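Here the structure comes first, spelled out in structure tokens, and everything after it is commentary.
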Amino acid sequence: MVDLHSINSFPYIRAISATSNNTQIKIPSRARKLTVATKTGICKFAYEGEDNGMPSANHLFVTNYGMVEQKLGRGKDRPTFVYVAMDSGTGTIIVSFEDE
2 MVDLHSINSF
12 PYIRAISATS
22 NNTQIKIPSR
32 ARKLTVATKT
42 GICKFAYEGE
52 DNGMPSANHL
62 FVTNYGMVEQ
72 KLGRGKDRPT
82 FVYVAMDSGT
92 GTIIVSFEDE
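Per the working numbering, residue 2 is the first one in the sequence shown, and the count goes up by one each step.
Pasting the structure below:
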């Protein structure tokens, strides 16, 4: 697990070494926007799963050198975690958080 909950300086960017199993990331409490990018291979990300578990069937793909941006909800609709994993093998996944 990567705990970024206490990050208070935005934008915040973090490179994460990932495998084909989930890496759970605790979303910063003030973050309002999430960007997931990959430098190597294809990665998956989802808002459901468990740390070091298999990726959820309900995920999005990010292609090699691609990125996906998502606005995060507020209040009870806000996710606590995001789960990232490589489609196969190992690689680097970049996550970025902004507070708008």
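Virtual Cβ for every residue (Gly too), placed ideally from N, Cα, C.
Keep in mind that this is a model prediction, so the values were computed, not measured.
Using CA coordinates, which residue listed in Ile-95, Glu-101, Pro-80 is at the minimum distance from His-6? The alpha carbon of His-6 has as its nearest neighbour, out of Ile-95, Glu-101, Pro-80, the alpha carbon of Pro-80.
Give the DSSP bridge partners of Glu-70, in chain order. The secondary-structure analysis by DSSP pairs Glu-70 across a beta bridge with Thr-36.
Who are the near neighbours of Gln-71 in its chain, counting only those whose CB is closer than 6 angstroms to its CB and skipping five residues on each side? If we look at Gln-71 and ignore the five residues flanking it on each side, its Cβ neighbours are Leu-35.
Let me know if Pro-12 comes out buried or exposed under the rule of 16 or more other beta-carbons within 10 Å of its beta-carbon. So Pro-12 counts as exposed.
With a CB to CB cut of under 8 angstroms and the five nearest residues on each side skipped, what residues in its chain are close to Gly-90? For Gly-90, the CB contacts under 8 angstroms within the same chain, skipping 5 residues up- and downstream, are Thr-20, Ser-21, Gly-42 in chain order.
Using 8 angstroms for Cβ pairs, my map puts Val-96 next to Ile-26. What's the rounded Cβ distance? That belief holds up - the Cβ atoms of Val-96 and Ile-26 are roughly 6 angstroms apart, short of 8 angstroms.
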